[in-house]
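Asks: Shown below is the structure under consideration.
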Amino acid sequence: MKPIFFQNPKTKEKSIHVQVDRSQFYFDHLHYHPEVQITSIIDGKGTLIVGDGITRFGPGEVFMLGANLPHVLRSDEEYYEPNTTLISHGTSVYFSPLEMGETFMNLPEISSIRRLTEDASRGLLFHGKTRDACHPMIIEMARLSGFNRMLMLFRILQILSESDEFTFLSSVAIGKPGKESDNQRMKDTLAYLFNHYQEDIRLDDVAKVANMSTTAFCRYFKQRTRKTFSAFLNEIRIANACKMLTSSSLSISQICYQSGFNNVANFNRQFKRINGLTPSEYLKKFRRLEKVGM
């Protein structure tokens, strides 16, 4: 994708930047930055796109993104309603391993943290005890400063680096994008998909949004997302279906059609391809985990 470059505010007195976001919805433009990012979601739900991966996010989530890794947090539709009382609230920590110095990062005692930052080039979503331990620590960093803030960061990095409770968010490591001349084209395309995924989207319609022929658009989209247009659209639809399965009383067939699919058989097939479970199996697993407190 061709995301926009995002410059995090820094001062000469601080090598670690902590940002607390509290607004109606999260910053919803695909972007990247040179710092490594560790985020703790306090409030808000939506779809997280990292590299070529699409997943759901919600309260309690902890994820780590490598330097220059394109990403966006797209809040659910209800967060964009004019009169909503919903809030998107999260804390993010930004730091640059390069600014810590090559000699320091190559110390044998730091090897696990160095590997962690390398793995973060694909994005890491943490689970279980690791997530539960680091979630409040990330939030606490906003109240710390100076040496205490740095100590807390290294405590978090130590826990994350010693954990195997994570999944990769992107199937491949995606580095710094090239020129941004077609940034608006990709932004318009993503906006169209998120606004119309519940409808019968035709390739011709999306190609027109991008002001391209269908052949050129398919090639363009595959180059930038490493996925076909149809595969990417299906992942957006399935992410929405997961949300409805766990937060509504709608039947699987109702969710199928409200997610933009035209028949239940294809919906079930795509759902299992992406999640490894059928919709009914996914719902049973969610309810089982809910009973034991996730």
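Per this note's numbering, residue 363 is the first one in the sequence shown, and the count goes up by one each step.
Glycine included, each C-beta is placed from N, C-alpha and C at the ideal position.
Which residues in the same chain have their Cβ closer than 8 Å to the Cβ of F633, if we skip the five residues on either side of it in sequence?
Replies: If we look at F633 and ignore the five residues flanking it on each side, its Cβ neighbours are I600, A603, L639, T640, P641, Y644.
Asks: Hey, quick one: how far does the alpha helix (DSSP H) through R511 stretch, first residue to last?
Replies: First-last of the alpha helix (DSSP H) with R511: 508-523.
Asks: DSSP has G408 in a bridge; who is on the other side?
Replies: According to DSSP, G408 bridges with F419, S437.
Asks: Express the C-alpha separation of R418 and L607 in angstroms, rounding to a whole number.
Replies: One C-alpha to the other measures close to 12 Å.
Asks: Would the stretch 468-477 and the stretch 403-410 be scored as touching if the rule is three or more Cβ pairs under 8 Å?
Replies: As far as the Cβ criterion goes, the stretch 468-477 does not touch the stretch 403-410, which means the pair count is below three.
Asks: One question on the structure: do S377 and E461 come within less than 9 Å of each other, judged by their Cβ atoms?
Replies: It is a contact, given that the beta carbons lie within the stated cut-off.
Asks: Look at the Cβ atom of S483, then the Cβ atom of G415, and state whether they are nearer than 9 Å.
Replies: No, the Cβ-Cβ distance between S483 and G415 is not below 9 Å.
Asks: Would you kindly check if the distance between the Cβ of K605 and the Cβ of E715 is under 9 Å?
Replies: This structure gives no information on residue 715, because the portion of the chain shown stretches from 363 to 656.
Asks: Hey, would you say N430 sits closer than 9 Å to Y456, going by beta carbons?
Replies: No; because the gap between Cβ atoms is not below 9 Å, this pair is not in contact.
Asks: Counting along the chain, where does the beta strand (DSSP E) carrying R581 start and finish?
Replies: It is not in any beta strand (DSSP E) - R581 instead sits in the alpha helix (DSSP H) that spans 576-587.
Asks: So what's Y388 in DSSP terms, helix, strand or just coil?
Replies: Note: Y388 maps to coil in three-state DSSP.
Asks: Could you tell me if F509 is buried or exposed, where buried requires 16 or more neighbouring beta carbons within 10 angstroms of its beta carbon?
Replies: By the 10 Å Cβ count, F509 comes out exposed.
Asks: Do G413 and P432 count as a contact pair if the criterion is CB distance below 9 Å?
Replies: Going by C-beta atoms, P432 is nearer than 9 Å to G413.
Asks: Go through the stretch 431-494 residue by residue and report every complete run of the alpha helix (DSSP H) that reaches 4 residues or more, in order.
Replies: Correct list: 464-467, 473-481.
Asks: Report the residue from D526, S507, T453, P470 whose alpha carbon sits nearest the alpha carbon of H489.
Replies: For the residues D526, S507, T453, P470, the minimum Cα distance to H489 belongs to D526.
Asks: Hey, D438 and T409: beta-carbon distance below 9 Å or not?
Replies: Going by C-beta atoms, D438 is nearer than 9 Å to T409.
Asks: Kindly indicate which three-state DSSP category L565 falls into: helix, strand or coil?
Replies: Helix at L565.
Asks: Looking at the C-beta of R581, does it have a partner C-beta in chain B at a distance below 9 Å?
Replies: Absent from the structure is chain B; it holds one protein chain and no more.
Asks: Please name the residue in M503, R511, F516, I617 whose C-alpha comes closest to that of M467.
Replies: Selected option, being the one with the closest Cα: F516.
Asks: Do you know whose CA, among F594, Q616, S610, lies nearest R635's CA?
Replies: If we check each option's Cα against that of R635, F594 comes out closest.
Asks: In chain order, what residues of the same chain have a beta carbon less than 8 Å from the beta carbon of M512, not counting five sequence neighbours either side?
Replies: The answer, listed in chain order, is S377, I378.
Asks: Mind reading off the beta-carbon distance from E440 to T446? Whole number of angstroms is fine, and I expect it under 8 Å.
Replies: With a Cβ gap of about 6 Å, E440 and T446 count as contacting.
Asks: Pick helix, strand or coil for Y559, following the three-state DSSP scheme.
Replies: Y559 falls in the coil class under three-state DSSP.
Asks: Once the 5 residues before and after P459 are set aside, which same chain residues still bring their CB inside 7 Å of it?
Replies: Here the set comprises V398, M467, T479.
Asks: Take the Cβ of V534 as the centre, count every other Cβ of all protein chains shown within 10 Å, and call the residue buried at 16 or more, exposed below.
Replies: With fewer than 16 Cβ atoms within 10 Å of its Cβ, V534 is classed as exposed.
Asks: What does the alpha-carbon distance come out to for the pair F556 and L506?
Replies: Spanning the two alpha carbons is a distance of roughly 37 Å.
Asks: What's the call for L435, buried or exposed, on a 16-neighbour Cβ count within 10 Å?
Replies: L435 should be labelled buried.
Asks: Would you tell me roughly how many angstroms separate the C-alpha atoms of G622 and E561, rounded to the nearest one?
Replies: Rounded to whole angstroms, G622 to E561 spans 5 Å at the Cα level.
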